[in-house]
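**Student:** Chain order of the listed sequences is A and B. Under our numbering, the first residue of the first sequence is numbered 149, with each subsequent residue one higher. Under our numbering, the first residue of the second sequence is numbered 149, with each subsequent residue one higher.
Protein chains: 2
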Amino acid sequence: MASDRVPTERRRRRPTRSGQVLSEELIVQTSMRLIEQHGGEALSMRRLGAALGSDATAIYRYFPSKDELLLAVADELIGRSLELFRPTGNWIGDLRQLAVLVYRRNLAYPRTAVLAASRVTGRPNEIKTVEMMLGIMRGAGFDDAEAVRHYLSFIDLVLAFSALDAAAQSGPGTDSPERAWRSGYASLPPEQYPNIAATFDELLPRLSSSSFPLALELFLTALETAPREGRRAGRQNRHGMAHR
Amino acid sequence: MASDRVPTERRRRRPTRSGQVLSEELIVQTSMRLIEQHGGEALSMRRLGAALGSDATAIYRYFPSKDELLLAVADELIGRSLELFRPTGNWIGDLRQLAVLVYRRNLAYPRTAVLAASRVTGRPNEIKTVEMMLGIMRGAGFDDAEAVRHYLSFIDLVLAFSALDAAAQSGPGTDSPERAWRSGYASLPPEQYPNIAATFDELLPRLSSSSFPLALELFLTALETAPREGRRAGRQNRHGMAHR
DNA sequence: ACGACTAGGTCAATAGCGTTGACATAACAG
DNA sequence: CTGTTATGTCAACGCTATTGACCTAGTCGT
């Protein structure tokens with residue numbers, strides 16, 4: 149099951165000859181453009197090759213597989229998310245800024261985000277992001293274990309809502325969820341589904357509005373009031389709910 | 149772009165002849181089994197047909213396309229999520245119970261959940277769920293607009309974390325994120341990435357633990373203390389963050 | 001009971017997919 | 001100048017979803 153991905157030399161030196169027409173950057177940019185224009189399932193190596201003015205198989209000189217290309221695309225999206233980040237020193241504000249930047253970038257490239265949000269790229273931009281967010285958490289006074297836990301919760305929250313809202317915005321399978329709702333839910337018998345009938349007029353417009361801002365503020369408030377122990381010891385688990 | 153999905157007669161009468169070997173139920177069950185056993189990308193009509201002991205194209209007598217079959221699978225997953233639900237009348241407790249049931253069911257079928265969590269099926273089980281959750285919200289004293297908003301936030305939260313954690317548990321592209329982390333992040337130069345290096349031992353085991361329980365309790369607490377107005381009027385927006 | 005109909009299955013074929021290996025070409029290194 | 005290597009093309013393999021023709025067996029109206 150695609151088990152033996154070798155973690156060898158990440159990419160070998162590529163001395164950029166003069167007659168060269170393709171490049172990793174160009175391929176990644178073109179991939180993102182095609183994904184956004186025609187949907188993620190429309191990104192085929194053949195179409196990508198055609199858009200690049202080359203044969204499809206030329207791409208394999210730069211990426212060993214389509215999946216590796218998608219990881220590079222995902223990392224590019226991360227990079228674009230962070231290029232506007234301006235740290236202020238206020239750690240809560242910086243976290244909010246990061247969350248909003250990532251969320252906005254993901255929704256600006258919704259079809260790419262759907263493919264990218266749940267992937268671990270292991271590439272430079274992702275690594276830089278992890279390093280930075282861990283630094284913010286530790287700088288806020290959390291010890292290592294808490295920094296890790298809160299970093300993971302934070303990035304989970306942002307990515308989860310990004311992926312879901314991006315998916316809701318861009319398919320797949322239908323133009324938009326709103327179509328399915330309008331056609332399917334509007335004609336249900338009111339006596340059998342009284343709650344849907346009573347709230348249908350409220351339901352429809354709300355479908356294109358996200359609950360991410362509310363969830364983010366809840367999370368940040370919880371973080372702000374969480375006990376930070378700096379170098380001190382002492383630990384507690386504030387929620388006893390079982391994991392998994 | 150797959151635009152004209154006709155919302156006609158959902159499915160025509162199917163009088164179940166005697167010599168019949170296939171059925172919608174059997175096809176859906178077998179699809180879920182194949183998805184969980186061999187991954188979502190391994191569900192092809194040919195393999196599904198072989199697993200059913202029939203020709204691949206026989207499935208088209210029951211579902212007009214693979215996508216419609218996937219919607220039926222998604223709805224089946226919703227149905228299985230709720231079959232254990234026992235309402236207690238305590239609306240916060242019922243919401244928690246629903247969230248945990250859906251989340252657990254999604255993680256019990258992680259590869260199916262990845263394909264299903266962001267789809268709007270418009271099928272019976274989904275409709276029943278929407279109706280029920282709206283009823284809980286309205287029964288809690290929220291007016292129609294608030295009930296809708298809180299229902300959407302709630303289902304967003306549950307589905308977003310379900311999808312993300314299911315994806316983290318089941319691929320795609322790699323056996324598990326842990327592999328990528330271990331191989332990629334372990335060997336980074338500590339002077340360049342001090343925060344990753346300092347927290348790496350904490351980071352790795354935390355990767356297979358979700359922040360869903362924490363996020364859920366935060367959300368439910370916020371809901372519990374939210375102003376409910378019963379039949380009264382009056383409206384307020386508690387968070388001024390821009391949507392979209 | 002018989003003829004018409006059709007639900008439900010097979011089979012063959014189409015167009016597209018990712019990927020591989022052989023081949024060509026052109027630029028570079030010694 | 002010669003060998004090597006980076007970069008592209010081309011043909012082919014086995015896979016995919018989907019379609020249309022075809023066949024068969026069971027049901028229905030008379």
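Beta carbons are placed, not taken as given, at the ideal position from N, Cα and C, and that holds for glycine.
What separation, rounded to the nearest whole angstrom, lies between the Cα atoms of B/Ala345 and B/Pro338?
**Tutor:** Rounded to the nearest angstrom, the two C-alpha atoms are 5 Å apart.
**Student:** DSSP on A/Ser179, reduced to helix/strand/coil?
**Tutor:** Helix, per DSSP.
**Student:** Roughly how many whole angstroms lie between the Cα atoms of B/Ser192 and B/Gln177?
**Tutor:** Approximately 15 Å, taken between the alpha carbons.
**Student:** Got a sec? Which residues, its chain only, sit under 8 Å from A/Arg259 by beta carbon, not counting five neighbours each side?
**Tutor:** Around A/Arg259: Ile183, Glu184, Gly187, Gly188, Ala314, Ser318 and Gly319.
**Student:** Comparing the C-beta of A/Ser192 with each C-beta of chain B, is any distance below 8 Å?
**Tutor:** No - not a single Cβ of chain B is within 8 Å of the one on A/Ser192.
**Student:** Within the continuous alpha helix (DSSP H) that includes B/Arg376, where are the two ends?
**Tutor:** Element bounds for B/Arg376: n/a, residue is neither H nor E.
**Student:** Applying a beta-carbon distance threshold of less than 8 Å, which residues of chain B neighbour A/Val250?
**Tutor:** What A/Val250 touches in chain B: nothing, since even the nearest Cβ is about 14 Å away.
**Student:** Going along the chain, which residues of its own chain have a beta-carbon closer than 6 Å to the beta-carbon of A/Glu372, five neighbours each way excluded?
**Tutor:** For A/Glu372, where only same-chain residues beyond five positions count, the Cβ hits under 6 Å are Ile240.
**Student:** So is B/Ala402 in contact with chain A if we call contact Cβ pairs under 8 Å?
**Tutor:** The structure shown does not extend to residue 402 of chain B, since chain B is modelled only from 149 through 392, so no value can be given for it.
**Student:** Give me the subset of the stretch 287-314 of chain B whose CB atoms are less than 7 Å from a CB atom of chain A, sorted by chain position.
**Tutor:** Against chain A - using a Cβ distance shorter than 7 Å - the residues of the stretch 287-314 of chain B are Asp292, Ala293, Ala295, Val296, Arg297, Leu300, Ser301, Asp304, Leu305, Leu307, Ala308, Phe309, Ala311 and Leu312.
**Student:** Counting C-beta neighbours from all protein chains within 10 Å, is the total for B/Arg252 16 or more, i.e. buried, or is it exposed?
**Tutor:** Exposed: under 16 other Cβ atoms inside 10 Å.
**Student:** Rank B/Glu274, B/Tyr333, B/Phe233 and B/Asp242 by C-alpha distance to the C-alpha of B/Ala222 and give the top, closest one.
**Tutor:** Minimum Cα distance to B/Ala222 is reached at B/Glu274.
**Student:** For the alpha helix (DSSP H) that A/Val306 lies in, which residues bound it at each end?
**Tutor:** Per DSSP, A/Val306 belongs to the alpha helix (DSSP H) from Asp292 to Ser318.
**Student:** Here's a check: name, in chain order, each residue in its chain whose Cβ is nearer than 8 Å to the Cβ of B/His298, leaving out the five neighbours to either side.
**Tutor:** So the list reads Met285, Phe290, Leu371 and Ala374, once near-sequence residues are dropped.
**Student:** Would you say A/Val270 lies against chain B (beta-carbon separation less than 8 Å)?
**Tutor:** In the sequence under discussion, the amino acid at residue 270 of chain A is Gly, which differs from the Val named in the question. Yes, A/Gly270 lies at the interface with chain B (some Cβ there is under 8 Å from its Cβ).
**Student:** Have a look at B/Glu157 and B/Leu246 and give me their C-alpha separation to the nearest angstrom.
**Tutor:** In this predicted model, B/Glu157 has a pLDDT of only 41, less than 50, meaning its place in the structure is not dependable enough to derive any value.
**Student:** With 16 as the cutoff for other CB atoms within 10 Å, does A/Phe233 come out buried or exposed?
**Tutor:** Classification of A/Phe233: exposed, given that the 10 Å Cβ count is below 16.
**Student:** Do you know how far the Cα of A/Pro342 is from the Cα of A/Arg181?
**Tutor:** Computed Cα separation, rounded: 44 Å.
**Student:** Taking only beta-carbon positions, decide if B/Leu366 is within less than 8 Å of chain A.
**Tutor:** So yes, B/Leu366 belongs to the interface.
**Student:** According to DSSP, is A/Val250 helix, strand or coil?
**Tutor:** Helix at A/Val250.
**Student:** Rounded to whole angstroms, what is the Cα-Cα separation between A/Ala256 and B/Pro272?
**Tutor:** Their backbone Cα atoms lie some 33 Å apart in a straight line.
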